[in-house]
Structure formats: C-alpha cells, structure tokens
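Structure record follows, encoded as structure tokens.
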Amino acid sequence: MDTPQVTEIGCANITSENFAPFGVVVTATPDGVTSGPADSALDLTAGTPRFYIMRLEDRPPSFTGITRHRRSTQTLMSADAREWFLAVAPPECEPPAVTDIRAFRIPGGVAVTLTKGTWHAGPFFTTPAMAFANLELTDTNITDHDTYRLDRELGLRVVVTLTDDAL
Numbered sequence: 183m184d185t186p187q188v189t190e191i192g193c194a195n196i197t198s199e200n201f202a203p204f205g206v207v208v209t210a211t212p213d214g215v216t217s218g219p220a221d222s223a224l225d226l227t228a229g230t231p232r233f234y235i236m237r238l239e240d241r242p243p244s245f246t247g248i249t250r251h252r253r254s255t256q257t258l259m260s261a262d263a264r265e266w267f268l269a270v271a272p273p274e275c276e277p278p279a280v281t282d283i284r285a286f287r288i289p290g291g292v293a294v295t296l297t298k299g300t301w302h303a304g305p306f307f308t309t310p311a312m313a314f315a316n317l318e319l320t321d322t323n324i325t326d327h328d329t330y331r332l333d334r335e336l337g338l339r340v341v342v343t344l345t346d347d348a349l
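All you need for my numbering is the position in the sequence shown, starting with 1, plus 182.
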C-alpha cells in the first residue's frame, strides 16, 4: 500500500458558535442553574448509558480515519483538565470530504457533546498521555461504530496544524 499523502487542516479555538454544526460546547455553570441546551443535547435513549474515564497514549493530531455513532450522542472532556483537540465533520456528509472536516482546540475543563452521527477523529493531545471522561452507550464501539478510512478511500492522512487561525 502506498504511503498516504499528507493534507493539513487548521485548528480553531472552540466556541459555542463555531462548534454548533457538530454539537454543543459544555462549560462550567454555577450549581443550581436550571437545565439548558447543553443538558438537553444528550440522547442516550437507544441503549444503556456508559460513563467512564479512558486513558489514551500517544495521540498526536493526525488521522487516517474518521468515525461516527448514529444511535447516540457522545460527550467527551479531558479528565486531566488539559487542552486537547478534536476533528469533526457534519453528520449529513456521506462520507465526509476533507473540506468538510474542521478541527478544534478545546481548553481543559470544557466538554463537547457530539450530535448523533457527527463524524469525529480524536481526541488528540500533545502530551504523552491523557485521560478523558466519555459518555456514550455501553455498546457504542461494538454496534454503532461507522469509520470512513481516508487513507484507503482517498489516499490521505490528515494532520491538524496547531495554530489559533480561524477555520
């Protein structure tokens, strides 16, 4: 197999506005605040919810596949409260083109809830290892794991350039 061609994409600092096509940005709120849009963004009705802390190692911002889960939302957050990165594409892309993919810089203490079907690659980070809180279904990675291989289908590896440039 040939070595995939490298394609670079920029990285934007995440905001509720620029992430809206892909899901919801969840930030800290004072205790006692009533339910809002971030709370109602969850949809785990297709199975049994699973909340766990996953430890990942050696995940620089580069990928050859992008995945989606059609049956549920997924919430991710750094359990280490450190900066991390995520690449996403809209759920309606069948399959996503490289031009559909956006990458985001996410500060520690901020979570994202991906809309059902949102394509995603990551989480990525620049340290040797990180832990992440993950809320999905117990069988998400068995029965609801649709991956599009950019290397096989397009001959590409996507590298996220870690700058503050807007997408």
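C-beta: ideal position from N, C-alpha, C; glycine also.
Keep in mind it's a predicted model, so treat the numbers as computed, not measured.
Grouping DSSP H, G and I as helix and E and B as strand, with all else coil, what is residue i?
i	result
glutamate 265	coil
isoleucine 324	helix
serine 244	strand
phenylalanine 201	helix
proline 305	strand
alanine 194	strand
leucine 319	strand
valine 215	coil
valine 341	strand
arginine 250	strand
leucine 258	strand
leucine 238	strand
Report, in whole angstroms, the separation of the C-beta atoms of residue i and residue j, which I expect to be a contact under 8 Å.
i	j	result
alanine 269	phenylalanine 245	7 Å
Can you name, in chain order, every residue of its own chain whose Cβ lies under 8 Å from the Cβ of residue i, other than the five neighbours on each side?
i	result
valine 280	Thr189, Ile191, Leu332, Leu336, Leu338, Val340
alanine 210	Gly291
histidine 327	Thr249, His251
threonine 197	Val207
Leaving aside the five residues before and after residue i along the sequence, list all residues of the same chain whose C-beta is less than 6 Å from its C-beta, in chain order.
i	result
phenylalanine 306	Arg241, Pro243, Phe267
threonine 329	Gly247, Thr249
alanine 223	Val206, Thr295
Less than 8 Å between the beta carbons of residue i and residue j, yes or no?
i	j	result
threonine 297	proline 273	yes
phenylalanine 314	leucine 258	yes
alanine 285	cysteine 193	yes
leucine 319	alanine 228	yes
threonine 322	serine 217	no
Quick one: is residue i near chain C, going by C-beta distance under 8 Å?
i	result
glycine 304	Annotation note: the requested chain C is absent from the structure, which comprises a single protein chain.
What number of angstroms, rounded off, separates the C-alpha of residue i from the C-alpha of residue j?
i	j	result
valine 219	valine 207	The sequence shown places proline at residue 219, rather than the valine named in the question. Distance between the alpha carbons of proline 219 and valine 207 is about 10 Å.
threonine 343	alanine 303	14 Å
proline 310	glutamate 265	13 Å
glycine 299	threonine 230	18 Å
proline 186	arginine 334	8 Å
aspartate 225	cysteine 275	20 Å
threonine 308	proline 203	26 Å
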